[in-house]
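Peer 1: The sequence shown begins at 12 in the working numbering and counts up by one.
Cβ atoms here follow ideal geometry from the backbone N, Cα and C, with glycine treated the same way.
Structure incoming, see below.
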Amino acid sequence: MNLQTFLQRFWAIAGAVSIRTKILGIVLGFILLLGAGVTLQARYALTATMTAQLEEQSVSVSRDLAARAADPILLNDLLSLHDLLDETLANNPNVRYAFLMDENGQVIAHTFGGGFPLDLLPLNAAAPDEHHHTALIQTDEGLVWDTAVPILDGKIGTARIGLSDASMQMALSTLTAQLLLTIVFVSATGVLVAVFLTWILTRPILALVNATQAVAKGDFTRRVPRWADDEIGDLADAFNAMTAELAHTEELRRERESLRRQLMEKVIATQEDERRRIARELHDSTSQNLTSLIVGLRMMEAQCAHCPSPTKAADLRQVASHTLEEVHDLSMRLRPRVLDDLGLAAALERLAHEWQSRYKIPVDVVIQLDERLPGEIETALYRIVQEALTNIARHAQAKSASLLIEKRGGSVRAIVEDDGVGFDPSAQRGERHLGLLGMRERAELLGGALTIESSPNRGTSIFIEIPLLPQPSNLPTF
């Protein structure tokens with residue numbers, strides 16, 4: 012694993028924790044690292060110093076013993092030699108043993124109560140021309156500094172003592188314990204200080220986070236106080252300036268949206284009025300004129316039964332009859348009178364029947380309305396369903412369709428489904444896109460929503476829901 016991969020993994024772990032945890036970790040890690048370094052350095056320095064002192068003490072005690080043992084050895088005073096060894100152990104607590112040898116290497120006095128260990132003799136020896144010789148010996152009680160000093164240049168013997176390092180180890184243990192207690196105290200203090208510092212640092216950051224979440228939900232009135240004249244204070248000022256600008260932008264957007272809604276409402280109202288007027292003109296004027304023309308042609312056809320070309324009047328009458336049917340259909344598509352007279356249920360049933368007859372696609376209609384809806388809702392639902400059925404006929408290649416209208420709670424719901432080829436709603440462009448956009452606009456103008464669920468070869472479902480409660484905007488009466 013290379014350095015870059017290691018750093019990426021490290022940051023993935025470190026970056027996943029909070030700022031408070033990062034600061035606490037940094038402070039505690041620094042204290043522990045510094046404490047460990049100081050402890051190791053102190054132990055190393057103390058070990059070096061005490062080792063030198065132990066070696067010096069071992070040499071000093073050995074030389075003193077050698078100097079004082081010369082006369083008793085020459086006088087062969089064994090009792091004085093034993094007293095001298097006992098005195099040496101009594102005056103030097105670190106000395107674990109002491110013994111004297113003659114010039115032949117034979118032990119003449121020692122401090123071992125259970126007998127002299129013969130395997131100790133070859134572990135250290137001093138040449139006659141040496142001032143002293145020290146060797147480190149590992150024993151059951153730990154390391155022992157064994158120092159041998161020739162007596163009268165080795166002519167009458169050698170003095171040896173064993174100085175234990177137990178005092179040094181005890182001093183090192185005491186120092187280490189004190190340093191560890193100090194580290195624990197400093198760590199606890201550092202953690203408390205770090206907690207306080209993180210509280211000071213993260214409090215304005217958390218306030219900014221909460222304010223940001225509120226702004227994300229659309230509350231542009233949130234402001235954060237300037238905690239201090241530092242970078243976080245500058246960030247708070249920048250955030251407040253941003254929210255103020257967002258609030259101004261949102262106000263402008265709402266004004267434009269309100270104007271757009273009013274314009275759409277007026278356009279739709281004008282459109283429906285114009286459709287109603289044209290439908291009335293077609294029904295009252297054009298249809299009556301065509302009816303009169305058909306009656307006149309029928310009379311002409313009867314009067315000219317023996318004329319050379321009696322079929323001419325019949326052909327003209329058929330053309331006029333066909334034109335009258337088209338005018339009736341056009342009048343119905345523009346503004347069905349049944350919608351105004353009988354309501355949404357009757358209008359949709361008639362629309363579905365005519366659509367099924369024209370396009371030969373079965374449509375299942377279920378309308379569960381126990382009373383008429385407000386006029387603007389009936390008109391909007393009729394136009395949405397009309398556009399949906401038109402899209403099915405033009406694009407879906409469906410074998411069947413269904414329509415459900417029901418009132419549930421405080422809203423009216425409509426579902427238009429087909430089993431056609433389907434499409435991707437997010438990728439729509441062109442005529443169908445404009446039609447769907449118009450359907451959605453009609454629903455949203457009444458405070459409702461339109462949802463399209465479709466995918467290729469899976470058919471299409473259109474869900475419309477419009478609340479029946481009064482809306483805050485001034486809705487037109489169609």
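(1) Report yes if the CB atom of E398 is closer than 8 Å to the CB atom of S413, and no otherwise.
(2) Could you check if F196 is buried or exposed, using at least 16 other CB atoms within 10 Å of its CB as the buried criterion?
(3) Scan the segment 31 to 70 and note each continuous beta strand (DSSP E) run of 3 residues or more that stays entirely inside, going in chain order.
(4) First and last residue of the alpha helix (DSSP H) that includes S413?
(5) What separation, rounded to the nearest whole angstrom, lies between the Cα atoms of G40 and F21?
(6) What does the alpha-carbon distance come out to for the pair Q189 and S198?
(7) What whole-angstrom Cβ distance do I477 and A391 have, given they're in contact under 8 Å?
(8) Identify every residue that forms a DSSP beta bridge with W156.
(9) Look up I477 in the DSSP assignment and say whether it is helix, strand or coil.
(10) When you compare only the Cα positions, how much space is there between A182 and D248?
(11) Classify W210: buried if its beta carbon has 16 or more other beta carbons within 10 angstroms, exposed otherwise.
(12) Just confirm the distance between the C-beta atoms of G421 and L479, as a whole number of angstroms; I'd bet it's less than 8 Å.
(13) Express the C-alpha separation of V377 and S466 in angstroms, rounding to a whole number.
(14) Among L212, T297, N221 and Q329, which has the Cα closest to the Cα of I305?
(15) Buried or exposed for I30, please, with buried defined as at least 16 other CB atoms from any protein chain shown within 10 angstroms of its CB.
(16) Using a 10 Å radius around the Cβ and a threshold of 16 neighbouring Cβ atoms, would you call E389 buried or exposed?
(17) Given this structure, state the Cα-to-Cα distance separating T223 from T232, to the nearest angstrom.
(18) Keeping to the same chain, check which residues put their C-beta closer than 6 Å to that of I473; ignore five residues upstream and five downstream.
(19) Report the three-state DSSP secondary structure of L353 (helix, strand or coil).
(20) Tell me, to the nearest whole angstrom, how far the beta carbon of H121 is from that of F110; I am working on the premise that it is less than 8 Å.
(21) For M275, which of E452, Y55 and S303 has the nearest alpha-carbon?
(22) What are the complete alpha helix (DSSP H) segments, minimum 4 residues, inside the segment 170 to 251?
(23) According to DSSP, which residues form a beta bridge with I119?
(24) Using the Cα positions of M112 and F123, report the straight-line distance between them to the nearest angstrom.
Peer 2: On the basis of the coordinates in this document:
(1) no
(2) exposed
(3) none
(4) Taken as a continuous stretch (DSSP letters only), S413 belongs to no alpha helix (DSSP H), being part of the beta strand (DSSP E) at A412 to R419.
(5) 15 Å
(6) 14 Å
(7) 7 Å
(8) L147 and L174
(9) strand
(10) 59 Å
(11) exposed
(12) 5 Å
(13) 25 Å
(14) Q329
(15) exposed
(16) buried
(17) 11 Å
(18) A399, V427 and I463
(19) coil
(20) 4 Å
(21) E452
(22) 177 to 227
(23) In the DSSP output, where bridge partners are listed per residue, I119 has none listed.
(24) 14 Å
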